[in-house]
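Asks:
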Amino acid sequence: MNPSEIPKILQSLKINPDEISDKKAAEIIRILLQIIEILYEENQALKAELQKMRDELNKLKGEQGQPKFPSIKKKQSDISSENERKSLNPPSKTKSKEKLSKIKIDFTEVCKVDPLILPEDAEFKGYQTVVVQEISINTKNTAYKKEIYYSPSQHQTFIGKLPKGIEGEFGSELKSLIITLKHASNMSEPKIHEFLENVGINISPATISRILTKNNDVFHCEKADIFKAGLSSTVYQQIDDTGAKVNGNNHYAQILCNPFYTAYFTIPSKDRLSILDLLQGGKPRIYLFNEEAFTLMESFRLPGKMISKIRNAVLNTMLDEKQMQQLMGEIFFHPNKGKIYRTRIMEAAAIAAYHNQTEFPIVQVLLSDDAPQFKQLTGEQALCWVHDGRNYKKLEPIVSMYKKELENFRSRYWDYYRKLLLFKECPTQEKAEKLSDDFDVLFSTKTNYQALNDRIEKTKEKKFELLLVLKYPELPLHNNDAELGARAQVRKRDVSLHTITEEGTKASDSFSTIVQTAKKLGVSVYDYFNDRVSKSFKMPSLAEMIRTKCKC
């Protein structure tokens, strides 16, 4: 028997222990089916591990590993829940009537009827309007002749000044276009250079690179203001991360957002302390050993004797980084020992300091996936239903009875999700209590499929984090906003692969923050860049817009 034929054979047998009258025989069948499922899963895992080892061995021999087929792999590992989450009442397919109202009319031209073809009784009945959009790409090169005067009496030369906003050999509109093409349209620098050459602009690749990376302090300040305003705009923040490369080295792009903004931070690591540094705006790290810090140490399962020693040494003390390292040296004599304990102590004290500082907005609720680095940072943590739902999509039983039970539970899972969506539209305490009870009932379900039972139990343990929406109805049920921000970073990485310098990385984060935030606020990215590059500052800052919108 071919192992690949096992699922088909089991399906053809249509065995259901619940339909067997002999209870002992039914129980034996249940146990055998569980054993088959476990052995099949172990076999699949071992086959995958064996193939990895073969690939590594082939690489050591100078050969290639097993060829990859992305399209097939994608089909097999599809864990999207979009179809299950769709509303039972699909939106009507009515055409938008707002398109014409959004188009700026620059010129109006009347198309007259040839009077020679009109009969004598023809009467004028008005106009039929047809809007045609067009664009003109032309150079606008200007030779500025600066007057020069010399005063012999004062021994001084007087030279005319260039108009405001003109710096170097290129105007603000061209610089703004370069930034927009790079960070909003995701064009590579070579393609930007090729485009500009084709429309008659004589510019070097090095100059394009300098425009994108140098002298961008105004945009770095804008990013900082956007982030601070964004943190203050809602009670919750969303966070996600994705891989990034800086000069060939692995980094992580952290994405923080809410409905008003999206901010990007590329950092070397994604540990809890690094995330904490981001949440407080990159300010120098401080450590506070108050009661909250010691409570956190207990939750991190540090030995009681160690906690008592630290309490006696630095209770209610604030330390900077240098002082903290001195304390760690006193507690851990050998620098290579106690690394985990050392980290947990620093995390507990740093979190306590963050919660007690007043210089930067403190995040009350952090919505994320279940990654460990996001835990304990804020007063409350919300978890993403979509991430949790993916765990059920990953279950792939071969026993037909298990498949039916899994399908039935997934259907109930997303029905409950839709009830939460309805609650958000009209929240009441009575509905919240009912949904809490319904959660307990749903996630107390027992099936014949043990892997599903285990997964249900894990979801049940996260009740508080998944149902925080009952306390904060404005809280999203999923982390899609942050994931979309991460996807934009991934698409950028596909085109540009990596940044080279720290300056370039910082510029990329700032421009990405401005682009994605402008999209959320309905602001033209090009107009905004041009307003800042030309030093006009006629448009309000994105941070001001966030503060205005969150008050509405």
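Residue numbers (numbering that gives the first Met the number 0): 0 to 551. Even for Gly, the Cβ is constructed at its ideal location relative to N, Cα and C.
May I ask you to verify whether the region 293-308 touches the region 329-343, counting CB pairs closer than 8 Å and requiring at least 3?
Replies: yes
Asks: Taking C-beta to C-beta, are Ile225 and Ala262 nearer than 8 Å?
Replies: Here the question's residue 225 lines up with position 226 in the sequence shown. Here the question's residue 262 lines up with position 263 in the sequence shown. Yes, Cβ-Cβ distance for Ile225 and Ala262 is below 8 Å.
Asks: Sort out for me which residues DSSP pairs Phe157 with in a bridge.
Replies: For this step, residue 157 is matched to residue 158 along the sequence shown. Partner(s): Tyr148.
Asks: Going straight from the alpha carbon of Lys462 to that of Ala312, what length do you get?
Replies: By 1-based counting over the sequence shown, the position of residue 462 is 463. By 1-based counting over the sequence shown, the position of residue 312 is 313. Between the C-alpha atoms of Lys462 and Ala312 there is a straight-line separation of about 38 Å.
Asks: Report buried or exposed for Tyr235, applying the criterion of at least 16 other Cβ atoms within 10 angstroms of its Cβ.
Replies: Here residue 235 refers to the residue found at position 236 when the sequence shown is read from its first residue. Looking at its Cβ environment, which holds 16 or more other Cβ atoms inside 10 Å, Tyr235 is buried.
Asks: Using the C-alpha atoms, what's the distance from Ile158 back to Met186?
Replies: As a position in the sequence shown, residue 186 is number 187, starting the count at 1. As a position in the sequence shown, residue 158 is number 159, starting the count at 1. Going by the C-alpha atoms only, they are around 39 Å apart.
Asks: Quick one: residues in its chain with C-beta nearer than 7 Å to the C-beta of Tyr471, no 5 flanking neighbours on either side, listed in chain order?
Replies: Against the sequence shown, residue 471 aligns to sequence position 472. Result list for Tyr471: Val234, Tyr235, Val364, in chain order.
Asks: Can you list, in chain order, the residues of its chain with a C-beta nearer than 6 Å to that of Asn246? Leave out the 5 residues immediately preceding and following it.
Replies: For the purposes of this step, residue 246 is taken as residue 247 along the sequence shown, with counting starting at 1. Around Asn246: Ile499.
Asks: Under the rule that 16 or more other beta-carbon atoms within 10 Å means buried, what is Met544, buried or exposed?
Replies: Position 545 of the sequence shown, counted from the first residue, corresponds to residue 544. Buried is the call here.
Asks: Would you list the one or two residues that DSSP bridges to Leu255?
Replies: On the sequence shown, residue 255 is found 256 positions in, with the first residue counted as 1. Note: Leu255 sits in a beta bridge opposite Ile238, Ala262.
Asks: Where DSSP assigns a beta bridge to Leu366, which residues make up the other side?
Replies: Position 367 of the sequence shown holds residue 366. According to the DSSP secondary-structure assignment, Leu366 is paired through a beta bridge with Gln237, Ala381.
Asks: Quick one, are the C-beta atoms of Lys308 and Ile285 less than 8 Å apart?
Replies: In the sequence shown, counting from the first residue as 1, residue 308 sits at position 309. In the sequence shown, counting from the first residue as 1, residue 285 sits at position 286. No, these two residues do not count as a Cβ contact at 8 Å.
Asks: For Leu272, which residues in the same chain have their Cβ closer than 8 Å to its Cβ, ignoring the five residues on either side in sequence?
Replies: Taking the sequence shown and counting its residues from 1, the one referred to as residue 272 is at position 273. Arg284, Thr342, Met345, Glu346, Ala349, listed in sequence order.
Asks: At the level of alpha carbons, what is the spacing between Asp480 and Ser533?
Replies: Mapped onto the sequence shown, residue 480 falls at position 481. Mapped onto the sequence shown, residue 533 falls at position 534. Looking at the two C-alpha atoms, the distance is approximately 32 Å.
Asks: CB Arg409 to CB Leu441, shorter than 8 Å?
Replies: Counting from one through the sequence shown, the residue named residue 409 turns up at place 410. Counting from one through the sequence shown, the residue named residue 441 turns up at place 442. For Arg409 and Leu441, no; Cβs fall outside 8 Å.
Asks: For Asn248, count neighbouring C-beta atoms within 10 Å of its own C-beta (all shown protein chains included) and say buried if the count is 16 or more, exposed if not.
Replies: Your numbering for residue 248 matches position 249 in the sequence shown. Around the beta carbon of Asn248, fewer than 16 other beta carbons sit within 10 angstroms, so the residue counts as exposed.
Asks: Whose C-alpha, out of Pro475, Lys282, Lys269, is nearest the C-alpha of Ala381?
Replies: Walking along the sequence shown from the start, residue 381 turns up at place 382. Closest option to Ala381, Cα to Cα, is Pro475.
Asks: Over what stretch of residues does the alpha helix (DSSP H) that includes Ile274 continue unbroken?
Replies: What you label residue 274 is simply residue 275 of the sequence shown in a count that begins at 1. It spans 271-278 - the alpha helix (DSSP H) in which Ile274 sits, taken as one unbroken run.
Asks: Within 10 Å of its beta-carbon, does Gln372 have 16 or more other beta-carbons around it, so buried, or fewer, so exposed?
Replies: Counted from its first residue, the sequence shown places residue 372 at position 373. Gln372 is buried by the Cβ-count criterion.
Asks: According to DSSP, is Tyr286 helix, strand or coil?
Replies: Reading the sequence shown from its first residue, position 287 is the one you call residue 286. Tyr286: strand per DSSP, three-state reduction.
Asks: Within 10 angstroms of its Cβ, does Val398 collect 16 or more other Cβ (buried), or is it exposed?
Replies: The residue labelled residue 398 in the question sits at position 399 within the sequence shown. Label assigned to Val398: buried.
Asks: Rounded to the nearest angstrom, what separates Lys392 and Lys423 at their Cα positions?
Replies: Looking up residue 392 in the sequence shown gives position 393. Looking up residue 423 in the sequence shown gives position 424. So the two alpha carbons sit approximately 25 Å from each other.
Asks: To the nearest angstrom, how far is it from the Cα of Gln155 to the Cα of Ala142?
Replies: Translated into the one-based positions of the sequence shown, residue 155 becomes position 156. Translated into the one-based positions of the sequence shown, residue 142 becomes position 143. Approximately 25 Å, taken between the alpha carbons.
Asks: Leu405 to Phe528, Cα distance in whole Å?
Replies: Counted from its first residue, the sequence shown places residue 405 at position 406. Counted from its first residue, the sequence shown places residue 528 at position 529. The alpha-carbon atoms of Leu405 and Phe528 are separated by roughly 51 Å.
Asks: For Leu434, report the span of its alpha helix (DSSP H) as first-last.
Replies: As a working mapping, residue 434 is identified with position 435 in the sequence shown. Segment 428-441, the alpha helix (DSSP H) holding Leu434.
Asks: Report the rounded CA-to-CA distance for Ile178 versus Pro162, giving the unit in angstroms.
Replies: On the sequence shown, residue 178 is found 179 positions in, with the first residue counted as 1. On the sequence shown, residue 162 is found 163 positions in, with the first residue counted as 1. Approximately 22 Å, taken between the alpha carbons.
Asks: Classify Gln325 as buried or exposed, calling it buried when 16 or more other Cβ atoms lie within 10 Å of its own Cβ.
Replies: Walking along the sequence shown from the start, residue 325 turns up at place 326. Counting of Cβ neighbours within 10 angstroms places Gln325 among the exposed residues, the total staying below 16.
Asks: Is it true that the CB of Gln515 sits closer than 8 Å to the CB of Ala243?
Replies: Against the sequence shown, residue 243 aligns to sequence position 244. Against the sequence shown, residue 515 aligns to sequence position 516. Cβ distance not < 8 Å, so Ala243 and Gln515 don't count as in contact.
Asks: Only counting the same chain, and skipping five residues up and downstream in sequence, which positions put a Cβ closer than 8 Å to that of Lys548?
Replies: Taking the first residue of the sequence shown as position 1, residue 548 is located at position 549. Correct list, in chain order: Ser232, Phe259, Leu520.
Asks: Below 8 Å on the Cβ atoms is my guess for Ile28 versus Ile19; work out the distance and round it to an integer in Å.
Replies: On the sequence shown, position 29 is the one that residue 28 refers to. On the sequence shown, position 20 is the one that residue 19 refers to. Confirmed, Cβ separation roughly 6 Å.
Asks: Taking the continuous alpha helix (DSSP H) assigned at Asp530, which residues delimit it?
Replies: Taking the sequence shown and counting its residues from 1, one reaches residue 530 at position 531. Where Asp530 is concerned, the enclosing alpha helix (DSSP H) stretches over 524-532.
Asks: Rounded to whole angstroms, what is the Cα-Cα separation between Lys282 and Phe264?
Replies: The residue you call residue 282 lines up with position 283 of the sequence shown. The residue you call residue 264 lines up with position 265 of the sequence shown. If I take the Cα positions, the gap works out to 14 Å.
Asks: When DSSP labels each residue in this structure, what does Ala570 get in the three-state scheme?
Replies: Since the displayed the chain opens at 0 and closes at 551, residue 570 lies outside it and no answer follows.
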